[in-house]
Each structure stands twice: as C-alpha cells, then as structure tokens.
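The structure appears below as structure tokens.
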Ligand code: BES
Ligand code: ZN
Ligand code: MN
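Here it is as structure tokens:
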C-alpha cells in the first residue's frame, strides 16, 4: 500500500527516486512549464523546456515524459506530465468532451479531473519506485487522490514473480501548491487516503477471482471489515432470506451450490437526522443462468458485484470520515448459475414487498435481487435512496465505458449527476417513458421482469422502469447503471487501472457528505 505525505522543501533537492512536474500545451503543441516546476527548471539551468521539446513532449493532458537528470537535481528521474491547454475545458459537466472538465473551474485553474488523471498517469509510470515527489499546480486533494488511485496494484495470484512487474510506489510526497496551513493540508491528505483506500477495497473485491468470492465468502469478507470499522452488521443466510420473504434474491440464488446472502451495514452519526440508503448489486458471477450468456468475455461477469463492492467500500470510508448523516448499505448477494435447481423463464416470483414478477429472462437477475433490497430499505425508512448496479449491456451501448446511466426522481438525479461530474465519475440522466413501462405488462403477473416481447429497445430504461415499480412516489431515489464504467477491460489510463475501477465509490462518499452538509 502506498503512503501519502506532504512534501517539505525544494523538490530539486529531495532525496527521492523521481520528481513529477506539470507541463501545459501552449495551444500550438509546445510545452510550457506549470507552476511547481520552477525550482527544478532553475536547477537544470532553464533547459527543461528545450529538453522536453526535443523529446517530443507537447503538454497534452496525461502525456508522460521521463527524463534522466544526471545529477542536475538530486532525484535521478524527472517526469513531466501533461496538463493540456491552459484554461481549456473549464466548463461543462463531466460527461461532455473528455470528461475532465466537471468541476466548473474557470480561468487559469487546472480542472480537478485533469489533475487527478495526470497525477495518476505519472504515479502509474513510476511503479516500482520507493519514493516520489509530485510538484503539480492546483488542488491538493485532486493531486493526492489521483496519485493514490494511479498507484493501485492488484496483488493477483501468481506463484512466481512476474518478470518486469513493478510494485506500487511506496511513498508519494505531494507539494501543496495551494499553500494551505499545514493542518488543513494534512487533513486533505488524510481524506484522500481514506477515500482512495475505499476505492482500492472495491477494486480488490472486483478483481478477486469468482471462485474465491462466492456469496457466502463475499458476505463474510464485507462483514469482517465492516465489523472492524465499527459499523452495525446484519447478514441474512438462505434460511433467514426464506423467512423474510426475499423471493427475488432466493430465485436468482437457487441455481448455485453457493447460497445467496443479504448484508446490511449501518453507519450512525451522532445527532444526525437525515438517512441515506445505498443499495448495490452483488452478483458474484453472472452466467445468465438458464438464459445463458455467450462464452466470449463471460469471465468479465466476475465484476457483476461492482455495485455491492462500491456501496460497502463507501460505507466503510464514511465510518472513518464521520459526516453527520445516517447511512445504511443494503447488499443482496447471489451467484447466477444454470443448474437443475435454477429459476427459469416463465417462473412467477413473489418478491419481498409482495409484488408478483413474471420471469422472462434469467439473465435479468440484477433487478430481481435489487428490488428486494430496495424494499427492505423502504421498510426500514430512509430519506434518500441510491441504488447502483452493473445492470444492463444497454448502458454500455448507449453511454459507453465512462459515463453511467442515471434514472430516478429528477432533483435527486441532478444532485447525483453534479457530484459525479465533480469527482470525475460522470453520469447522464435517462428517462423512464410510459411506453417502456407498458411493454413490461405481464400476461399473468403484476409486472414482467423485461419487455414481454423480448424487445431490446430501451434496454437500459427497462431496468430503471422495473425498479421504479418498487419505489414509493414521495421518496427521492436514483438508479445508477455502471455496467460500463465499473470495469476497465482496456488498457490502463489516467488513474484507472485495468480491471475494477471502483466507480462510483467517490460519488457515494461525496453524496453522503453533501447530504450531511445541506440535508
Ligand atoms: N450483468 C449484466 C449486465 C452487464 C452487461 C454488465 C455487460 C456489464 C457488462 C446483466 O445482468 C444482464 O445480463 N443484463 C441483460 C439484461 C437483459 C437480459 C434484459 C443484458 O444486458 O443483456
Ligand atoms: Zn448481471
Ligand atoms: Mn445478467
């Protein structure tokens, strides 16, 4: 694990493995030094821009240029990381352009997401180092978060060391370009450590092989860390689920030899009145069940518990951060398998709230387990409900790999969208049209689980519309479909590694803090 601290003194004389500075693109593809690079540049007799130009650096966002310093500064390696064109992308909402513009920064400020990505890219490029210093301009929080997120490594399962594999950077020191009082700066670093550890926890769970993380062991793993963090923990096993009438969770879980679970975590803040419920989909592996998925890339469905991982990890972080709001996590966990005991298309399932659902496709299992968990949250009582899940392939088709789909009540969705834009986890609002709801009328039961004609039109919307059936009219709620953003099957980029990304852990944390501050 990577340690974070505040850099003291001049980066040019720091006894570290590498110093990271920022460079802008001057607008014509030529590098310009960003604030923070002055001391290092002076030590290099002003030759830094010339060297960078000769090496082909342009200052474009996320570009990493490594230079040997040959004793000109104390560190043997200098990294110049691109911050893009100055003042660029200063508006927008995080789901337009490259998504790096969500913080509403104006003028000369570097957008927070640009900084996070740059710090992440630099730290990733310096894996294997013992100690590095980051001297970047702008928000200390953004630089610290990006660096730690980029430093993440999944331990993996190799029995022998992999040639060329470099460990996470051991210590990251960050220069506070904002010049805050040391106490304020240290508090920011402490927060960044807590938040990024939660993201790392979620990523670890997602990256864990699905044979190692089946419903009972996932529930136990969550309960163990939550207990240590001082959260109230309730775990329902298959017997308790039966007794409690959790028909949706049981139906999905009944095809697997590893029985389903339901985990409830409660963080209670002293003097808090407002309650936030977080619900996360925890399918430890999604084969599709009897309506089986094609073999290609099916292994990626080990990430179908990303919502659960995010909700659990965010709640852990909140216990450490202590905002004045009561947060309860509701985590339904099951493995969706085809077998002689599986639920089947045509089944009618009685859900926790009494609704009868006609199953038409066992691969639409997420909404079955989520509806039960949401019903439980409503029974317990809450002021806001946010549910997040890798729910539909339709989300990926419509919005791609970086922008989540957002459905629910308008005002609350806008709030979640604003926060997502601010933290670099963009989400885009989607409608829940009447015709899609009508398409889910069942011949025999209260509602079909998917469109009765198996029509994939408005695929992502069907998920939100189904869940809305279980929501009371007066409850602000949001459904965040993270099918694409939860898992990066492509190459690492910015602070995102390959594999689990930890989206939307940071949105959930900031949402709770926002509610604590404003109600
Ligand atoms: N877990 C999948 C959705 C998914 C797809 C997540 C791709 C991540 C990447 C979900 O359970 C599922 O199978 N959804 C079906 C729904 C359909 C049967 C109505 C889908 O997307 O095809
Ligand atoms: Zn699924
Ligand atoms: Mn499925």
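Numbering (this note's numbering), first residue to last: 6 to 524. Note that CB positions come from ideal geometry on N, CA and C, so glycine has one too.
Query: Below 7 Å, is the gap between the Cβ of residue 74 and the nearest heavy atom of the ligand ZN?; Result: no
Query: Once the 5 residues before and after residue 368 are set aside, which same chain residues still bring their CB inside 6 Å of it?; Result: 293 and 296
Query: When you compare the CB positions of residue 1 and residue 387, do they come within less than 8 Å of one another, or not?; Result: No answer is possible for residue 1: it lies beyond the span of the chain, which begins at 6 and ends at 524.
Query: Is the stretch 413-421 close to the stretch 325-335, with three or more CB pairs under 8 Å?; Result: no
Query: I'd like the list of long-range same chain contacts for residue 108, defined as Cβ closer than 7 Å, with 5 residues on each side in sequence excluded.; Result: Any reading at residue 108 needs caution, since the residue's pLDDT is 47, under 50, leaving its predicted position unreliable; the model's value is listed next. These residues qualify, in order along the chain: 116, 117, 118 and 427.
Query: Could you tell me whether the stretch 204-211 touches the stretch 495-515, where touching means 3 or more Cβ pairs closer than 8 Å?; Result: yes
Query: For residue 376, which residues of its own chain have a beta-carbon under 6 Å away from its beta-carbon, when the five flanking residues on both sides are left out?; Result: 253, 356 and 475
Query: Give me the pocket residues for the ligand BES, defined as CB within less than 5 Å of any heavy atom, sorted by chain position.; Result: 291, 309, 366, 368, 369, 371, 395, 397, 398, 455 and 488
Query: Quick check on residue 452: buried or exposed, where buried means 16 or more other Cβ atoms within 10 Å of its Cβ?; Result: buried
Query: With DSSP as the reference, identify every bridge partner of residue 71, one or two as the case may be.; Result: 84
Query: Inspect the beta-carbon positions of residue 499 and residue 126 and report whether they are closer than 8 Å.; Result: yes
Query: Is residue 14 near residue 141, with beta carbons less than 8 Å apart?; Result: no
Query: So residue 465 is in the alpha helix (DSSP H); what residue range does that whole segment cover?; Result: 464-473
Query: From residue 33 to residue 59, what does the alpha carbon distance come to, in whole angstroms?; Result: 15 Å
Query: How about residue 137: is its Cβ closer than 7 Å to a heavy atom in the ligand ZN?; Result: no
Query: Which same chain residues, not among the five before or five after residue 130, have their C-beta less than 6 Å away from its C-beta?; Result: 69
Query: Could you check whether the stretch 258-271 touches the stretch 224-234, counting it as contact only if at least three pairs of C-beta atoms, one from each stretch, sit closer than 8 Å?; Result: yes
Query: Does at least one heavy atom of the ligand MN sit under 7 Å from the Cβ of residue 331?; Result: no
Query: What does the alpha-carbon distance come out to for the pair residue 431 and residue 50?; Result: 42 Å
Query: Starting from residue 456, trace the alpha helix (DSSP H) in both directions and tell me its first and last residue.; Result: Careful: residue 456 lies outside any alpha helix (DSSP H) and carries neither H nor E.
Query: Can you list, in chain order, the stretches of the alpha helix (DSSP H) that have 4 or more residues and sit fully within the stretch 370-442?; Result: 371-385, 398-404 and 415-428
Query: Assuming residue 395 and residue 308 form a contact by the criterion Cβ under 8 Å, report the distance between their Cβ atoms to the nearest whole angstrom.; Result: 6 Å
Query: Could you pull out every unbroken alpha helix (DSSP H) segment of at least 4 residues lying fully inside the stretch 115-143, listed in chain order?; Result: 117-130
Query: CA-CA distance, residue 18 and residue 25?; Result: 13 Å
Query: Which residues in the same chain as residue 65 place their Cβ atom closer than 7 Å to its Cβ, once the five residues preceding and following it in sequence are excluded?; Result: 30, 87 and 89
Query: Considering Cα atoms alone, identify which of 374, 501 and 263 is closest to residue 4.; Result: Not covered by the structure: residue 4. The range shown for the chain is 6 to 524.
Query: Going by C-alpha distance, which of 337, 237, 454 and 159 is nearest residue 349?; Result: 454
Query: Shorter than 7 Å, the distance from the beta carbon of residue 293 to the closest heavy atom of the ligand MN, or not?; Result: yes
Query: Which residue comes first and which comes last in the alpha helix (DSSP H) that contains residue 50?; Result: Here residue 50 belongs to no alpha helix (DSSP H), and DSSP marks it neither H nor E.
Query: Assuming residue 338 contacts residue 289 under a Cβ cut-off of 8 Å, what Cβ separation, rounded to an integer in Å, is found between them?; Result: 6 Å
Query: Here's a check: name, in chain order, each residue in its chain whose Cβ is nearer than 8 Å to the Cβ of residue 121, leaving out the five neighbours to either side.; Result: 147, 148, 150, 151, 154, 429, 499 and 500
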